[in-house]
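Trainee: Residue numbers for the sequence shown follow this note's numbering, so the first one is 314 and each next one is one higher.
The beta-carbon is built from N, C-alpha and C at its ideal position, and this holds for glycine as well.
Starting off with a structure, shown below.
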Amino acid sequence: MRKSLKKLATLHKPIYITENGIPDSDDNQRPRALILHLHKVWQMLQNNLPLKGYYHWTLTDNFEWAEGWSLRFGLIALNPETQQRMRRPSADLYAVIAKGNAITPELITAYAPELQKVLFPE
């Protein structure tokens with residue numbers, strides 16, 4: 314993502330990251346990916362790239378044209394038959410990051426402890 318953003322920055326136009334997410338029905342990998350991607354976003358902002366927005370893909374599970382309902386991208390799980398929705402842990406993680414405008418060591422410990430030394434080296 315970093316290389317793409319740097320290349321886009323040379324156009325001197327506002328940048329919006331849209332549809333950034335991974336399919337993960339068990340929500341085992343999404344918290345780690347979300348933390349890593351948002352950390353890269355923060356790094357780009359620190360380097361004064363004209364990044365104006367980030368939109369996670371997606372709020373709820375959705376119908377993908379090629380795969381139907383098989384891929385689960387949502388921060389909120391959706392049962393397509395009943396329309397019942399259930400927050401995944403990554404939804405809570407994203408909410409805390411957005412509210413606090415930060416990725417803290419405590420969040421890393423709670424959601425992706427393997428990233429502690431990567432993002433907060435001693």
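Between N333, L347, N361, which lies nearest to K326 when the distance is taken from Cα to Cα?
Mentor: The residue labelled residue 326 in the question sits at position 13 within the sequence shown. Taking only the C-alpha atoms, the option nearest K326 is N361.
Trainee: Need the endpoints of the alpha helix (DSSP H) that E394 sits in, please.
Mentor: One-based indexing of the sequence shown puts residue 394 at position 81. Secondary structure note for E394: it is in no alpha helix (DSSP H), with a DSSP letter that is neither H nor E.
Trainee: May I ask you to verify whether the segment 411-420 touches the segment 343-359, counting CB pairs closer than 8 Å and requiring at least 3?
Mentor: Between the segment 411-420 and the segment 343-359 there are three or more C-beta pairs closer than 8 Å, enough to call the two in contact.
Trainee: Quick check: the segment 356-375 against the segment 327-336, are there 3 or more CB pairs under 8 Å?
Mentor: yes
Trainee: Kindly indicate which three-state DSSP category E427 falls into: helix, strand or coil?
Mentor: Residue numbering aside, residue 427 sits at position 114 when the sequence shown is read from its first letter. Helix, per DSSP.
Trainee: Please classify L406 as buried or exposed, where buried requires at least 16 other C-beta atoms within 10 Å of its C-beta.
Mentor: Looking up residue 406 in the sequence shown gives position 93. L406 should be labelled buried.
Trainee: Figure out for me which residue from L364, P336, S338, A346 has the closest Cα to the Cα of A322.
Mentor: Residue numbering aside, residue 322 sits at position 9 when the sequence shown is read from its first letter. When only C-alpha atoms are compared, the closest one is L364.
Trainee: Return the bridge partner residues of L388 from the DSSP annotation.
Mentor: Position 75 of the sequence shown holds residue 388. Paired residue(s): none; L388 is not in a bridge.
Trainee: Using the C-alpha atoms, what's the distance from W378 back to D340?
Mentor: Translated into positions along the sequence shown, residue 340 becomes position 27. Translated into positions along the sequence shown, residue 378 becomes position 65. Cα to Cα, D340 sits roughly 22 Å from W378.
Trainee: How would you label G381, buried or exposed, when you count the other beta carbons within 10 angstroms and need 16 or more for buried?
Mentor: Counting from one through the sequence shown, the residue named residue 381 turns up at place 68. Its Cβ having fewer than 16 others within 10 Å, G381 is exposed.
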